[in-house]
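*Asks:* In the numbering used here, the protein residues as written are 23 to 253.
Built from N, CA and C at the ideal position, the CB exists for glycine as well.
#1: Assuming residue 235 contacts residue 185 (C-beta within less than 8 Å), just tell me the rounded distance between them.
#2: Once you ignore the five residues that flank residue 93 on each side, which residues in its own chain have a CB closer than 6 Å to its CB?
#3: Over the uninterrupted alpha helix (DSSP H) stretch that includes residue 45, give me the two end residues.
#4: Could you give the distance in angstroms between the alpha-carbon of residue 63 and the alpha-carbon of residue 72?
#5: Cutting at 6 Å between CB atoms, please list the residues of its own chain near residue 100, excluding the five before and the five after it.
#6: Which residues does DSSP list as the beta-bridge partners of residue 146?
#7: Are there three or more Cβ pairs, one per stretch, closer than 8 Å when the segment 28-48 is compared with the segment 192-201?
#8: List the endpoints of the continuous beta strand (DSSP E) containing residue 182.
#9: DSSP state of residue 74, grouped into three classes?
#10: To the nearest angstrom, report how far apart residue 82 and residue 104 are at their CA atoms.
#11: Check for me: the alpha helix (DSSP H) holding residue 223 runs from which residue to which?
#12: Grouping DSSP H, G and I as helix and E and B as strand, with all else coil, what is residue 69?
#13: When DSSP labels each residue in this structure, what does residue 26 get in the three-state scheme?
#14: For residue 81, name the three-state secondary structure that DSSP assigns.
#15: Following the continuous alpha helix (DSSP H) through residue 56, name the residue where it begins and the one where it ends.
#16: On the three-pair Cβ rule with 8 Å, is the segment 110-119 touching the segment 49-62?
#17: Sort 128, 66, 215, 118 by Cα distance to residue 95 and report the nearest one.
#18: Between residue 166 and the rest of its own chain, which residues show a CB-CB distance below 7 Å, the 5 nearest in sequence each way excluded?
#19: Residue 97 bridges to which residues according to DSSP?
#20: For residue 157, name the three-state secondary structure that DSSP assigns.
#21: Is residue 202 helix, strand or coil when you go by DSSP?
#22: For residue 283, collect the residues of the same chain with a Cβ closer than 8 Å to its Cβ; drop the 5 residues on either side in sequence, then sort them by chain order.
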């Protein structure tokens, strides 16, 4: 980090587990006050919780009013609509765009006026945008849109800084449903990418804190993917 989190107020959308929860813990350790918000929020020992639905603008407006002035806003929310294009459900696709694109635009609308001088917004993209695969058309498109959205918001909301973070394959708990196959999957990923390992939640949280606190970084997508987009 190039700046201090001490005394800052951070809102994390979709941060009830995995990367979001790691970021919350690290931000609190660095001196920040953290609010974890989501459809089913879970407070931690050090962070409070609030309810928000990125598919509902009234819900976003209400959260912004309840939280008041903040320094930093992060959205790690996602709602995947994976599968072959021929089998995609329109409602699922809409929810995916609500979580990654439309919702964050509404977050910028309602939180932008409440972000203090020197503050920043961080949106989460993902390596699928740079390495599309069959069955991942919606994931690739929404993650790619996040990167362009960060650039557009950085210009419109200036001097509020807006960046995107694109993680690669991370052992965040999201892959635990693979059971015994998870280790083989991770081994394959590690063998293929230049870093020769999968990511940790600590890797991504550290990158997020850098994006939030670097006062000269805006309109940028940071790739914390072990070089996975190059493999």
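*Replies:* Walking through what the data contain:
#1: No, residue 235 and residue 185 are not in contact; Cβ-Cβ is about 11 Å, not under 8 Å.
#2: 30, 31, 138, 141
#3: 40-51
#4: 6 Å
#5: 121
#6: 187
#7: yes
#8: Element bounds for residue 182: n/a, residue is neither H nor E.
#9: coil
#10: 26 Å
#11: 223-235
#12: coil
#13: coil
#14: helix
#15: That residue, residue 56, is in no alpha helix (DSSP H); its beta strand (DSSP E) goes 55-60.
#16: no
#17: 128
#18: 151
#19: 35, 145
#20: coil
#21: coil
#22: Within the shown structure, residues of the chain are numbered from 23 to 253, placing residue 283 beyond reach of any answer.
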